[in-house]
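Just so you know, the sequences run in chain order A and B. Positions 1 to 320 (my numbering) are the ones given, in order, by the first sequence. Positions 321 to 640 (my numbering) are the ones given, in order, by the second sequence.
Protein chains: 2
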Amino acid sequence: MRIQPLSHIPDADDLRATHEAIAPLIHRTPVLSSRSIDGIAGASLFFKCENFQKIGAFKMRGASSAALRLTEAERSNGLATHSSGNHAQAVALSAKLLGVPAYIVMPETSPAIKIAATEGYGAHITFCANNQKAREETLEKVVAETGATFIHPYNDYNVIAGQATAAKELLEQAEGLDAVIAPVGGGGLMSGTALSTRYFAPGVKVYGAEPREVDDAYRSFTSGRMQQNASINTIADGLRTNLGEKTFGIIRQEVDAIFTVSEASIVDAMQLIWERMKIIVEPSSAVPLAAILDNPAVFAGQRLGVILTGGNVDLGKLPF
Amino acid sequence: MRIQPLSHIPDADDLRATHEAIAPLIHRTPVLSSRSIDGIAGASLFFKCENFQKIGAFKMRGASSAALRLTEAERSNGLATHSSGNHAQAVALSAKLLGVPAYIVMPETSPAIKIAATEGYGAHITFCANNQKAREETLEKVVAETGATFIHPYNDYNVIAGQATAAKELLEQAEGLDAVIAPVGGGGLMSGTALSTRYFAPGVKVYGAEPREVDDAYRSFTSGRMQQNASINTIADGLRTNLGEKTFGIIRQEVDAIFTVSEASIVDAMQLIWERMKIIVEPSSAVPLAAILDNPAVFAGQRLGVILTGGNVDLGKLPF
């Protein structure tokens, strides 16, 4: 199956077509609730559990959406990306499921467990120095040698359309929501969440949540001009990235507000989810709950959809 | 609602009546699978997720089953037990849901988090020295003073009937199983699992799994005579108890085999469940998977129901 590549902001039909196309490659993840957390929050929370997604994170949606938009000829040359995290595994598994090669550029400092997971999906790994320039140059070389197509982790409408399907499902699974809240990193999930909510549940608010230590999205949103993070000093390793132009364009237009939270709030919210829900989520997943608990005046009494982005954590390095 | 107290081994109708009666007080927990763990085990595993049960463990089933068999007069005097673990919380929550008092005797060395959880359900806590004699004497005194009814954690047909409902649900949720495997501590869950399987899925095997360090059930089962543990030296804190006479009677009759596993196998299996399934289970829950992975000659190619008993772990003391 192939769907048309997108060179515009995805519309409602694009999202429907994307969801139908990627359905065989992803899980329709469950939505869970916790009376105990609801009691603490004074609100009704509906957690979309992308920690149970294939490869353990929502990234599988965007990678498969982009892969399914390549021509047969493009696809047969393979998929490529640079990443040390969930996107690498998502591209590797998408390639495996489509029967084509994956070429992943990873920093030589990547954790052994992430290297092993990516290799486990049959990807070819090329190591590089641990900086952005080395990643991009190495990727360029790999692409030139193989003819593989680079799948960007977020700044690509084809990827955004895939990430949008998480909120689309959430809105189908939990009715009568007042708002949907997602964390913001590069903005792929956030912009997709905003689009799905606008199209499929027009009255529902869309909020972003971001670690205060890497608040480029908050500052960009507030100032109307793209800002950069000065550091990457957050435990929420999935959210250290700056917005891209495409994701910022959508977020600026469609998101109602972005909340920032402290590192302590993130760890507390993560521990609360682990202890009360008995599920494993990565720190990035806890950022929206941290925002809800920190802002009772905004959220009390509401029905809130919360996207738990993933569950890939190093069990040897927990913050508790 | 009240159901009749049991002074005999529960029959199929007793289990059906128990299940119907406790249904409003418990969760019908989901059954999850993991392709990745199936691949490692070379078998198809269906995990009954009692870590998502109320109070985070299957103990809620047995405690509520026993509580619902008291007369109005008995019930109004309250429920009592001695426990530092899941059973204390299960008795406390059962009492709360029924609107009656709970009196819990806990060793003064109990973790603060467990004391807080039990207090959170509104129970009256009496502390005692950390040994069996002090527990029993303190409980006797509390019962004499209050008129509350002691709910035994396992050696009670009313409790066994409640624990049996976990396997009853599992057999309804996962069809065509070859065997059901549960961990063995005091034997309440194991004997209940055996009864449900014999009654509701007669051709299906029933296996127990036990830490080698506390293998009283294995030795009792093999020798035909009740044996005691020489130590409690296992990470699986829910399984340190010896069998009771009632649970041993059922296990001896109805269980097909008991497997013992090393501490290292338990930790490995626990880590596998956390990493691949993204759910939090306590060490006791990992014992059946450890037995499956250690015995491929027995289990390969089979469809296996596995009871994950609970998810209450101290996140500050993980074995990884």
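Backbone N, C-alpha and C define an ideal beta-carbon position, used for all residues, glycine too. For clarity, every value in this text was computed on a predicted model and none was experimentally measured.
With a cut-off of 8 angstroms on the beta carbons, I'd call residue i and residue j a contact; round off their distance for me.
i	j	result
B/ILE586	B/ALA610	5 angstroms
A/VAL142	A/THR126	6 angstroms
B/VAL626	B/LYS368	7 angstroms
B/ASN549	B/ASN562	6 angstroms
A/VAL105	A/ARG135	6 angstroms
A/ILE9	A/TYR157	6 angstroms
B/HIS444	B/PRO427	Not quite, the Cβ-Cβ distance comes to about 16 angstroms (not below 8 angstroms), so this is no contact.
Comparing alpha-carbon positions, which option in the options lies nearest residue i?
i	options	result
A/GLY56	A/LEU308, A/VAL142 and A/ASP156	A/LEU308
B/LEU345	B/ALA454, B/THR401, B/LEU417 and B/ASP331	B/LEU417
B/LEU389	B/ALA577, B/GLY482 and B/LYS566	Checking the displayed sequence, the identity of residue 389 of chain B turns out to be Arg instead of Leu. Comparing Cα positions, the closest option is B/GLY482.
A/GLY187	A/PRO202, A/SER65, A/GLU245 and A/ALA116	A/GLU245
A/LEU315	B/GLN591, B/GLY625 and B/LEU624	B/GLN591
B/ILE471	B/THR349, B/ALA577 and B/ALA387	B/ALA387
B/SER396	B/SER414, B/HIS407 and B/ALA410	B/SER414
A/GLY122	A/TYR103, A/THR71, A/ILE160 and A/PHE46	A/TYR103
B/THR517	B/ALA486, B/GLY544 and B/LYS379	B/ALA486
A/SER171	A/ALA63, A/LEU293, A/PHE200 and A/ASN242	Checking the sequence shown, residue 171 of chain A turns out to be Leu, not Ser. Checked all of A/ALA63, A/LEU293, A/PHE200 and A/ASN242; the closest Cα to A/LEU171 is A/PHE200.
B/ASP614	B/LYS637, B/ILE578, B/GLY630 and B/ASN451	B/ILE578
A/GLY99	A/ALA164, A/LEU79, A/GLU108 and A/ALA269	A/LEU79
B/SER404	B/CYS369, B/VAL633 and B/THR391	B/VAL633
B/ASP535	B/GLN452, B/GLU456 and B/VAL504	B/VAL504
B/ALA408	B/LYS434, B/ALA393 and B/THR429	B/LYS434
B/GLN373	A/ASP256, A/GLN253, A/PHE58 and A/SER34	A/SER34
B/LEU352	B/GLN493, B/ALA537 and B/PRO616	B/GLN493
A/ALA73	A/GLY147, A/ALA112 and A/ASN130	A/GLY147
B/THR429	B/PRO421, B/ASN450 and B/GLY544	B/ASN450
A/GLY311	A/LYS59, A/ILE292 and A/THR149	A/LYS59
B/PHE541	B/PRO522, B/THR580 and B/SER551	B/THR580
B/ALA341	B/LEU638, B/MET321 and B/CYS448	B/MET321
A/GLN253	A/ALA217, A/GLY176 and A/VAL298	A/ALA217
A/ALA264	A/ALA23, A/GLU213 and A/LYS317	A/GLU213
B/THR391	B/PRO531, B/THR469, B/PRO431 and B/SER551	B/THR469
B/ALA343	B/SER364, B/ALA432, B/ALA484 and B/LEU459	B/ALA484
A/PRO296	A/PRO211, A/SER44, A/PHE320 and A/LEU139	A/SER44
Distance check for residue j and residue i, CA to CA, integer angstroms please.
i	j	result
A/THR81	A/ASN155	13 angstroms
B/GLY362	B/ILE593	15 angstroms
A/ARG61	B/SER582	40 angstroms
A/LEU6	A/SER65	10 angstroms
A/GLN227	B/GLU489	54 angstroms
A/ILE3	A/ILE250	22 angstroms
A/ARG219	A/ILE160	21 angstroms
A/ARG336	A/ARG303	This structure gives no information on residue 336 of chain A, because the portion of chain A shown stretches from 1 to 320.
A/ALA269	B/GLY359	33 angstroms
A/ILE279	B/ASN371	9 angstroms
B/PHE366	B/VAL607	15 angstroms
A/LYS133	A/GLY224	27 angstroms
A/GLY120	A/GLU137	25 angstroms
B/PRO473	B/THR567	11 angstroms
A/GLU145	A/CYS128	16 angstroms
A/LEU202	A/ILE292	The question names Leu, but residue 202 of chain A is Pro in the sequence shown. Near 21 angstroms, if we compare the C-alpha coordinates of A/ILE292 and A/PRO202.
B/ALA383	B/ASN406	10 angstroms
B/GLU495	A/PRO30	21 angstroms
B/LEU638	B/SER551	21 angstroms
A/ALA116	A/PHE320	26 angstroms
B/PRO531	B/LEU459	29 angstroms
For residue i, which residues in chain B fall below 9 angstroms Cβ to Cβ?
i	result
A/GLU263	Under the 9 angstroms cutoff, chain B gives no residues; its nearest Cβ is about 17 angstroms from A/GLU263.
A/LEU293	The contacting residues do not exist; A/LEU293 stays about 18 angstroms from chain B at best.
What residues of chain A sit near residue i, judged by a beta carbon separation below 9 angstroms?
i	result
B/ILE600	TRP274, GLU275, MET277, LYS278, ILE279 and ILE280
B/GLY569	Within chain A, no residue comes near B/GLY569; the closest Cβ sits about 33 angstroms away, beyond 9 angstroms.
B/PHE372	LEU32, MET277, LYS278 and ILE279
Residues of chain A with CB under 7 angstroms from residue i, in chain order?
i	result
B/LEU459	Near B/LEU459 there are no residues of chain A at all, since even the closest Cβ is about 28 angstroms away, more than 7 angstroms.
B/GLY376	LYS278
B/PHE640	LEU315 and GLY316
Could you work out which residues of chain B lie near residue i, taking near to mean beta carbons separated by less than 7 angstroms?
i	result
A/GLN271	LEU635
In chain A, which residues lie with their C-beta within 8 angstroms of the C-beta of residue i?
i	result
B/GLY631	LYS278
Beta carbon of residue i: closer than 8 angstroms to some heavy atom of the ligand PLP?
i	result
B/ALA486	As presented, the structure is devoid of all ligands, the ligand PLP included, so that no description of it is given.
Stretch pair the segment 227-238 of chain A + the segment 277-290 of chain A: three plus CB contacts closer than 8 angstroms | yes
Check whether the segment 496-513 of chain B touches the segment 526-536 of chain B, taking contact to mean three or more Cβ pairs, one atom from each stretch, closer than 8 angstroms.
-> yes
Count the CB pairs spanning the segment 6-21 of chain A and the segment 184-204 of chain A that are closer than 8 angstroms, and state whether there are at least three.
-> Yes, the segment 6-21 of chain A is in contact with the segment 184-204 of chain A.
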